[in-house]
């Protein structure tokens with residue numbers, strides 16, 4: 007009986023996690039790991055243990071027996087260094103930590119460097135080369151190096167997963183792989199940058215552009231350098247990530263044609279609103295000839311269009327051969343959703359659905 | 007080298023299919039099986055072979071070595087019986103065919119008897135008891151007997167899959183199982199009956215109800231008995247199927263509170279349209295206390311609401327604990343999409359993603 011019980015509830019095996027990056031998403035993930043995420047992972051047969059954390063401004067810490075997450079969170083919240091938690095010889099950098107710390111999965115959440123994909127891509131590659139899995143919510147590595155990283159993972163018998171790269175944790179990449187088998191994605195359209203949606207929505211109500219931008223920055227949703235959102239770079243990086251993963255393209259962000267919402271006048275936005283229309287920064291990709299082309303530009307859409315439906319931080323419509331249009335709509339997105347993407351990727355590593 | 011090649015491209019093993027029901031969906035599935043679906047299944051390692059077809063008005067045919075689908079399609083299109091294709095002793099009924107024909111998977115597509123779930127439920131149960139898998143695009147068995155049929159399948163080491171039961175082939179059940187692991191669905195809202203959406207859309211343009219209904223019937227999208235669509239029975243059966251599968255409920259269609267779109271006046275629909283609003287037949291489910299309750303009723307919604315976005319034959323928004331709102335939007339749906347649901351369920355049987 008004891009043996010049967012033991013077989014039914016085997017002792018969870020440890021799953022050692024290294025977090026590179028400990029910002030909003032990393033910290034929320036760490037909090038949830040002490041709550042529901044821990045429960046879910048244990049139910050899936052593993053005991054998660056964070057053995058390494060690397061931060062930009064709060065130093066780093068490695069402890070092979072597992073770091074105290076409440077202590078790590080408290081130190082960082084108090085503006086202190088993680089170094090009191092560190093065990094063993096000093097480690098010079100995040101890069102050195104990724105290369106040498108003991109872990110099974112690298113959770114790569116370093117601040118975004120979208121136009122190069124670094125240092126996230128280097129971290130992911132280093133983890134995969136060590137035979138460790140890599141999970142990221144960073145769109146950079148997917149947009150810049152998905153093909154190479156996926157091949158590297160395959161070569162080392164591990165996984166490179168990135169559900170959080172686009173539309174927070176909304177299952178896009180997993181959906182395409184697991185739920186649309188045999189289907190070819192011929193193209194897509196979407197609204198992938200929520201900052202421009204917020205700003206345009208405010209402008210529709212008559213709020214001047216600068217004020218709307220200031221509000222978005224104050225709310226912490228816009229980048230400090232607004233060019234990244236407004237000029238379509240964020241959407242272009244996401245468009246690349248989607249085209250590369252869903253359409254087998256090999257685009258780089260610079261290959262995506264871009265137009266800025268800054269070229270829209272307040273008058274145009276307000277006039278459209280009066281006519282029951284909405285301007286949005288729309289991302290599109292299609293296969294023409296044998297080539298995938300993509301662009302990001304403001305478009306005027308009727309109010310009944312899915313892409314302008316209210317309450318959403320991201321919408322994507324896949325144009326497919328066997329299933330027609332498949333629309334994916336995220337409600338309000340944020341760190342909780344992105345943290346879930348990390349969890350869902352970890353669950354895939356622990357108990358793969360792919361064969 | 008030959009051995010390695012053989013391992014890489016093993017000879018596809020046969021996958022014997024019995025089709026109970028050979029209407030629009032069954033025939034489209036058969037057509038596609040001779041084209042892209044066949045290619046996809048062979049790539050997944052099986053050679054599909056339809057060994058039995060049972061129809062309501064064209065007799066039935068069994069051939070253990072595989073029926074000619076072009077011949078079966080031609081016979082039925084010409085209004086003839088399938089009996090010339092039949093091999094072996096006569097078989098009296100669909101029920102007898104399900105019980106005795108040689109097959110690995112029953113594809114259950116008999117005409118809908120939504121208020122009882124029969125005879126589809128009996129067919130599915132009979133197949134499972136024989137140790138055969140069962141796939142259905144019929145919402146009846148899911149709404150009336152999902153718990154029992156799933157348990158039966160587990161007991162016999164086979165699968166009961168029903169992706170096509172709601173929103174044609176849009177991956178709802180598969181998404182929840184494979185892509186939202188660890189997530190609890192707390193409730194949902196959706197527009198699940200496309201006939202009422204069509205009729206209400208026409209009424210918004212000033213077309214009288216009876217004319218709009220006639221158009222929908224002429225287009226073949228409304229049931230001959232309009233009560234099933236208009237009075238919310240179709241949506242209630244789908245709501246049950248969703249609540250039972252996604253929320254662990256054990257509802258029956260009669261448990262779903264219903265209100266009819268017939269109680270809406272043309273004036274109300276037109277007045278709403280003038281104010282930028284839309285009436286739709288909305289399905290909702292929620293957990294209150296320990297109990298799941300569900301209802302289907304016309305609701306007035308603002309034009310920017312996801313549920314009234316244009317070009318869609320079905321929208322569903324899941325309210326979840328870890329991911330917030332997850333919206334699923336189907337473009338124009340039809341037999342192609344429902345046929346895809348059957349393919350996707352077959353792929354799951356051939357190469358399971360679940361562990």
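Residue numbers (the numbering used here), protein chains in the order written: chain A, 7 to 361; chain B, 7 to 361. Beta carbons: idealized from backbone N, C-alpha and C, even for Gly.
Can you give me the Cβ contacts of residue i inside the same chain, cut-off strictly under 7 Å, excluding the 5 residues immediately before and after it?
{"i": "residue 203(A)", "result": "197, 286"}
{"i": "residue 309(A)", "result": "282, 283, 284"}
{"i": "residue 11(B)", "result": "Per-residue confidence for residue 11(B) stands at a pLDDT of 42, beneath the threshold of 50, marking its modelled position as unreliable; no derived number is given."}
{"i": "residue 72(B)", "result": "55, 56, 57"}
{"i": "residue 218(A)", "result": "205, 208, 209"}
{"i": "residue 253(B)", "result": "191, 291, 293, 298"}
{"i": "residue 5(B)", "result": "In the structure as shown, chain B begins at 7 and stops at 361. Residue 5(B) is therefore absent and cannot be evaluated."}
{"i": "residue 270(B)", "result": "285, 304"}
{"i": "residue 359(B)", "result": "184"}
Alpha carbons only, please: which of the options is nearest the one belonging to residue i?
{"i": "residue 221(B)", "options": "146(B), 359(B), 166(B), 201(B)", "result": "201(B)"}
{"i": "residue 125(A)", "options": "99(A), 109(A), 139(A)", "result": "99(A)"}
{"i": "residue 171(A)", "options": "147(A), 162(A), 56(A), 164(A)", "result": "147(A)"}
{"i": "residue 185(B)", "options": "129(A), 186(A), 181(A)", "result": "181(A)"}
{"i": "residue 289(B)", "options": "128(B), 313(B), 275(B), 271(B)", "result": "313(B)"}
{"i": "residue 246(A)", "options": "226(A), 193(A), 319(A)", "result": "193(A)"}
{"i": "residue 62(B)", "options": "103(B), 229(B), 45(B), 178(B)", "result": "103(B)"}
{"i": "residue 135(A)", "options": "292(A), 154(A), 235(A), 52(A)", "result": "154(A)"}
{"i": "residue 321(A)", "options": "199(A), 45(A), 187(A), 81(A)", "result": "199(A)"}
{"i": "residue 43(A)", "options": "357(A), 355(A), 350(A)", "result": "350(A)"}
{"i": "residue 161(A)", "options": "187(A), 183(A), 131(A)", "result": "131(A)"}
{"i": "residue 214(B)", "options": "275(B), 166(B), 231(B)", "result": "275(B)"}
Can you give me the Cβ contacts of residue i inside the same chain, cut-off strictly under 6 Å, excluding the 5 residues immediately before and after it?
{"i": "residue 328(B)", "result": "189"}
{"i": "residue 347(A)", "result": "143, 169, 170, 175"}
{"i": "residue 60(B)", "result": "26, 66, 100, 103"}
{"i": "residue 52(A)", "result": "18, 19, 21, 356"}
{"i": "residue 224(A)", "result": "none"}
Applying the criterion that 16 or more other CB atoms from any shown protein chain within 10 Å of the CB defines a buried residue, is residue i buried or exposed?
{"i": "residue 49(A)", "result": "exposed"}
{"i": "residue 86(B)", "result": "exposed"}
{"i": "residue 25(A)", "result": "buried"}
{"i": "residue 83(A)", "result": "exposed"}
{"i": "residue 256(A)", "result": "exposed"}
{"i": "residue 117(B)", "result": "exposed"}
{"i": "residue 58(A)", "result": "buried"}
{"i": "residue 273(B)", "result": "exposed"}
{"i": "residue 294(B)", "result": "exposed"}
{"i": "residue 318(B)", "result": "buried"}
{"i": "residue 296(B)", "result": "exposed"}
{"i": "residue 259(B)", "result": "buried"}
{"i": "residue 212(B)", "result": "exposed"}
{"i": "residue 244(A)", "result": "buried"}
{"i": "residue 315(B)", "result": "buried"}
{"i": "residue 13(B)", "result": "Low local confidence applies: a pLDDT of 48 at residue 13(B) is under 50, so the model's placement there is unreliable, with the coordinate-based value given in what follows. Residue 13(B) is exposed by the Cβ-count criterion."}
{"i": "residue 226(A)", "result": "exposed"}
{"i": "residue 187(A)", "result": "buried"}
{"i": "residue 345(A)", "result": "buried"}
{"i": "residue 177(A)", "result": "buried"}
Give me the DSSP bridge partner(s) of residue i.
{"i": "residue 276(B)", "result": "In the DSSP output, where bridge partners are listed per residue, residue 276(B) has none listed."}
{"i": "residue 26(A)", "result": "60(A), 114(A)"}
{"i": "residue 83(B)", "result": "Note: residue 83(B) sits in no beta bridge, so no partner."}
{"i": "residue 142(A)", "result": "114(A)"}
{"i": "residue 325(B)", "result": "193(B), 331(B)"}
{"i": "residue 233(B)", "result": "Looking at the DSSP assignment, residue 233(B) forms no beta bridge with any residue, so it has no partner."}
For residue i, I'd like the list of residues in its chain whose CB is within less than 8 Å of its CB, leaving aside the five on either flank, ordered along the chain.
{"i": "residue 115(B)", "result": "25, 26, 27, 28, 29, 31, 32, 35, 142, 143, 144, 348"}
{"i": "residue 323(B)", "result": "194, 195, 196, 312, 313, 331, 332, 333, 334"}
{"i": "residue 163(A)", "result": "137"}
{"i": "residue 127(A)", "result": "146, 147, 150, 151, 155"}
{"i": "residue 353(B)", "result": "46, 47, 50"}
{"i": "residue 81(B)", "result": "64, 87, 88, 90, 91"}
{"i": "residue 159(A)", "result": "134, 139, 140, 165, 166"}
Give a yes or no on whether 9 Å exceeds the smallest Cβ distance from residue i to chain C.
{"i": "residue 308(B)", "result": "No chain C appears in the structure shown, which is made up of the protein chains A and B."}
Is residue i near the ligand NAP, with its Cβ less than 8 Å from a heavy atom?
{"i": "residue 226(B)", "result": "As far as ligands go, the structure on display features none, and thus does not contain the ligand NAP."}
Between the segment 330-346 of chain A and the segment 26-40 of chain A, can you find at least three pairs of beta-carbon atoms closer than 8 Å?
With a cut-off of 8 Å, the segment 330-346 of chain A and the segment 26-40 of chain A count as touching, because enough Cβ pairs lie within range.
Give a yes or no on contact between the segment 91-110 of chain B and the segment 62-69 of chain B, applying the rule of three or more CB pairs nearer than 8 Å.
Yes, the segment 91-110 of chain B is in contact with the segment 62-69 of chain B.
Taking 8 Å as the cut-off, does the segment 245-265 of chain B touch the segment 302-320 of chain B (at least 3 CB pairs, one atom from each stretch)?
Yes, the segment 302-320 of chain B is in contact with the segment 245-265 of chain B.
Given 8 Å as the limit, is there contact between the segment 132-139 of chain A and the segment 38-56 of chain A, that is, 3 or more CB pairs closer than that?
By the Cβ test, the segment 132-139 of chain A is not in contact with the segment 38-56 of chain A, since fewer than three Cβ pairs between them sit closer than 8 Å.
Within 8 Å, do at least three Cβ pairs link the segment 110-124 of chain B to the segment 143-162 of chain B?
Because the criterion of three Cβ pairs below 8 Å is met, the segment 143-162 of chain B and the segment 110-124 of chain B touch.
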